[in-house]
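Protein chains in written order, with this note's numbering: chain A, 1 to 115; chain B, 116 to 228.
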C-alpha cells in the first residue's frame, strides 16, 4: 500500500517564475492538505482540499493556489516566486469521515529553492 | 487562535535513559493533540494522538505522551531512549472547528551512545 507520494523531489526556480507541485494521497484517502516548512521551523498550513474544493486556508497570499482532481490527487501552484518561498512543501492526506480526530499522513515533501 | 510551544530547541539524553520532550498548547475549545517525528530529508511520521479519554496515550516505537488539561501540556516521553530515536520532534494541535494542524517549532532530540 503506497503512502503519500509527491513530485518532484527537488526543484530550483528563479524569482518571478511559477511552480507546480504534485501530490497523490494514500490509498483510500480523500482529503489533501498542503504545508510549507521553512528551514528550522515547523510546518505552516497552506490549505486543504476536499471534494475538489478548497475547504480551509491558512495565512498565505493568493499567489498560492491549488487544485484537487477527481482521483483525489492534488496540485499546489505558486506564482511570482519570491526568495522567501524557498522551503520544503509537504502534502498530507486523511481518510473519509475522519473529521478532525484523525491524524494526517505526510509525504516526503518537495524541496523548492528559489534563486 | 490555536498555538503550540515547544520550549526546548534541543534535548540531549544518554541511551537507555528516559526522555521527555515538552509541549504546551493554547486553544479556544477542546484540543486534539498530536506528535510527529521527522528524520533528515523525510516527511513527518505520526507517533501518537490524544483525542479524549485516558490522559496517558501510548504510541509507536515505545513513545507515550501525557495530556494535562490544567497545565495545557502534552509532553512526549519514552522510558528508555535509543540512538535511533535521534530526530526532530513536532507537537501539533487542532482546535474545535479547525481542520488544519498547527505545529510547534520542533525539538531536536539527540541520544548519545
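Each residue gets a CB set at the ideal place from its N, CA and C atoms; glycine is no exception.
Nearest chain B C-beta to residue i closer than 7 Å, yes or no?
{"i": "residue 38 (chain A)", "result": "no"}
{"i": "residue 43 (chain A)", "result": "yes"}
{"i": "residue 101 (chain A)", "result": "yes"}
{"i": "residue 109 (chain A)", "result": "yes"}
{"i": "residue 64 (chain A)", "result": "no"}
Taking the DSSP output, what are the residues bridged to residue i?
{"i": "residue 91 (chain A)", "result": "A:34"}
{"i": "residue 127 (chain B)", "result": "B:225"}
{"i": "residue 50 (chain A)", "result": "A:31 and A:53"}
{"i": "residue 136 (chain B)", "result": "B:191"}
{"i": "residue 66 (chain A)", "result": "A:76"}
Let me make sure I understand the geometry here. Which of the options has the alpha-carbon closest to that of residue i?
{"i": "residue 105 (chain A)", "options": "B:117, B:130 and B:153", "result": "B:153"}
{"i": "residue 199 (chain B)", "options": "B:226, B:177, B:193 and B:139", "result": "B:226"}
{"i": "residue 84 (chain A)", "options": "A:10, A:8, A:5 and A:37", "result": "A:37"}
{"i": "residue 87 (chain A)", "options": "A:19, A:57 and A:50", "result": "A:19"}
{"i": "residue 53 (chain A)", "options": "A:70, A:44 and A:63", "result": "A:70"}
Using a Cβ-Cβ cut-off of 7 Å, state whether residue i counts as contacting chain A.
{"i": "residue 159 (chain B)", "result": "yes"}
{"i": "residue 147 (chain B)", "result": "yes"}
{"i": "residue 144 (chain B)", "result": "no"}
{"i": "residue 220 (chain B)", "result": "yes"}
{"i": "residue 223 (chain B)", "result": "no"}
{"i": "residue 215 (chain B)", "result": "yes"}
{"i": "residue 205 (chain B)", "result": "yes"}
{"i": "residue 173 (chain B)", "result": "no"}
{"i": "residue 137 (chain B)", "result": "no"}
If you drop the 5 nearest sequence neighbours on each side, which residues of the same chain put their C-beta closer than 6 Å to that of residue i?
{"i": "residue 72 (chain A)", "result": "25 and 30"}
{"i": "residue 166 (chain B)", "result": "147"}
{"i": "residue 149 (chain B)", "result": "164 and 207"}
With a threshold of 7 Å on Cβ separation, who are the neighbours of residue i within its own chain once the five nearest residues in sequence on each side are excluded?
{"i": "residue 201 (chain B)", "result": "224, 225 and 226"}
Could you check whether the Cβ of residue i sits closer than 6 Å to any heavy atom belonging to the ligand SAM?
{"i": "residue 75 (chain A)", "result": "In the structure on display, the ligand SAM does not appear, and there are no ligands present to speak of."}
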